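Positions 1 to 332 (full-length UniProt numbering) are the ones given, in order, by the sequence shown.
I have placed the structure first, in the form of structure tokens, so that the comments after it can refer back to it.
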Amino acid sequence: MLAILMNATGGTEVLSLNEVPEPRLSGERDILVRIRAAGVNPVDAKQRVLGPYKSRDMPVILGCDGAGVVERTGPECERFEPGDEVYFCSGGIGDAQGNYAEYTVIDERYCARKPRSLSFVEAAAAPLVLLTAWESLHERARLERGHRTLIHAGAGGVGHVAVQLARQAGARVATTVGSEDKAELVRELGAELPILYRTTDFVEAVREWTGGEGVDVALDVLGGDTFTRTLGAVRPYGELVTVLQPAPDTDWTEGRLRNLRIGLELMLSPMYYGLHEERIRQTDILEHCSALFDAGLLRVVVTRTFPLAEAAEAHRAIETGSTTGKLVLTLD
Numbered sequence: 001m002l003a004i005l006m007n008a009t010g011g012t013e014v015l016s017l018n019e020v021p022e023p024r025l026s027g028e029r030d031i032l033v034r035i036r037a038a039g040v041n042p043v044d045a046k047q048r049v050l051g052p053y054k055s056r057d058m059p060v061i062l063g064c065d066g067a068g069v070v071e072r073t074g075p076e077c078e079r080f081e082p083g084d085e086v087y088f089c090s091g092g093i094g095d096a097q098g099n100y101a102e103y104t105v106i107d108e109r110y111c112a113r114k115p116r117s118l119s120f121v122e123a124a125a126a127p128l129v130l131l132t133a134w135e136s137l138h139e140r141a142r143l144e145r146g147h148r149t150l151i152h153a154g155a156g157g158v159g160h161v162a163v164q165l166a167r168q169a170g171a172r173v174a175t176t177v178g179s180e181d182k183a184e185l186v187r188e189l190g191a192e193l194p195i196l197y198r199t200t201d202f203v204e205a206v207r208e209w210t211g212g213e214g215v216d217v218a219l220d221v222l223g224g225d226t227f228t229r230t231l232g233a234v235r236p237y238g239e240l241v242t243v244l245q246p247a248p249d250t251d252w253t254e255g256r257l258r259n260l261r262i263g264l265e266l267m268l269s270p271m272y273y274g275l276h277e278e279r280i281r282q283t284d285i286l287e288h289c290s291a292l293f294d295a296g297l298l299r300v301v302v303t304r305t306f307p308l309a310e311a312a313e314a315h316r317a318i319e320t321g322s323t324t325g326k327l328v329l330t331l332d
């Protein structure tokens, strides 16, 4: 099969298209999936530069997100059969092969049925950002109906899904964006207050929106100074979740004075630690979101696709840090 191999850490030149052996079923509930599309995420580029989350010999195949068609099943498979369409976040870190490839093998319990209403490209864009947004809002921040919520980078990969999930939960949403076009997009997705962060102080805008109190819940996907400033945008005893590691020199004064609950989110943890039950829980989240997609209550925005052979170009695009929605590799 064809796959993109990462031969060393470094720039995009370390990614190359190669012929490699097709993976084989090993577990009794394994399925062989012909991948039709693979999502590209910032974590892929970070691992390319810094190395895989778990050290192992090169080369490696990156890519956590995938969507495709089941071709073969293990002897004890119960959920899927050949011809079924699936989507999943599995592989791409540690010892598991990623999805920048024509085929992958995955335990069927870590796959969800692809939403009927989504193309393979759209489905491949969804899993990692869905799980990140869902866990951040519902499991870390304990979002409730009526909560006022600040979501950073609301037109980005995680952000545009988080805006929709927050609205589905009955929350009111403010979100930071970098342009008028992105402001229009987040309004369509349900945001009440788009904040053009280049010209507007988001902390002041949020305080005005909330009558001086601050939001109940904030989701940070940018880190650095944005995380530190967001401490002052959350009401006392509120919730702030970040998907990035706070810097060692973070000034926690405002957060401590406000008695904030700080949540750290990494949806890759179940895969990293091999937590079987947690991975099944994540599959349940994807199944639930499939129903939302098919009911027209959720959408995923894909702004650009690349053939598998152009994975390096996709990495260059995502490293700009200003991508709207998601980028996806296609395999036909």
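Yeah, the Cβ is synthetic: ideal placement off N, Cα and C, and Gly gets one too.
Please read these numbers as outputs of a predicted model, since none were measured by experiment.
- Exclusion of the five residues before and after Ala317 leaves Arg304, Thr323 and Leu327 as the residues of its chain whose Cβ lies within less than 7 Å of its Cβ.
- Lys54 sits exposed, since fewer than 16 C-beta atoms from the chains shown fall within 10 Å of its C-beta.
- By the CB criterion at 7 Å, Ile31 and Val70 fall inside the cutoff.
- Within the DSSP secondary-structure output, Pro307 pairs in a beta bridge with Thr330.
- Residue pairing by DSSP places Cys289 in no beta bridge whatsoever.
- Between the alpha carbons of Gly274 and Ala133 lies a distance of about 21 Å.
- Spatial neighbours of Leu196 in its own chain (CB-CB distance under 6 Å, excluding positions within 5 residues in sequence) are not present.
- As DSSP reads the structure, Ile195 sits in a beta bridge with Thr176.
- Between Val206 and Leu150, the CB-CB gap stays under 7 Å.
- In the structure shown, Asp44 adopts helical secondary structure according to DSSP, grouped into three states.
- A Cβ-Cβ contact shorter than 7 Å links Glu102 with Met1.
- The stretch 184–191 and the stretch 157–168 touch, with three or more beta-carbon pairs separated by less than 8 Å.
- Counting only residues of its own chain and dropping the five nearest sequence neighbours on each side, Arg79 has a CB closer than 8 Å to the CB of Glu108, Arg109 and Cys111.
- Fewer than three pairs of CB atoms, one per stretch, sit closer than 8 Å, so the stretch 286–306 makes no contact with the stretch 254–272.
- Out of Ile35, Glu81, Thr330 and Gly325, the CA that lies nearest to the CA of Leu185 is found in Gly325.
- Between Leu331 and Ile106, the C-beta gap is not smaller than 7 Å, which leaves the two residues out of contact.
- Taking C-alpha positions only, Leu118 is separated from Ala38 by approximately 14 Å.
- For Gly238, there is no enclosing alpha helix (DSSP H); the residue is found in the beta strand (DSSP E) stretching over Val234 to Thr242.
- The beta carbon of Leu297 is closer than 7 Å to those of Gln168 in its chain, skipping five residues each way along the sequence.
- The three-state secondary structure of Leu231, taken from DSSP, is helix.
- Spatial neighbours of Ser26 in its own chain (CB-CB distance under 8 Å, excluding positions within 5 residues in sequence) are listed in chain order as Val105.
- The beta carbons of Pro115 and Asp284 sit about 15 Å from each other, so the pair does not count as a contact at 8 Å.
- Distances from the CA of Gly63 to each of Gly321, Val221, Leu15 and Arg24 were compared; the closest alpha carbon is that of Leu15.
- Comparing C-alpha distances from Thr228 to each of Cys77, Asp216, Cys89 and Leu244 shows the shortest one belongs to Leu244.
- Val20: not part of any alpha helix (DSSP H); DSSP gives it neither H nor E.
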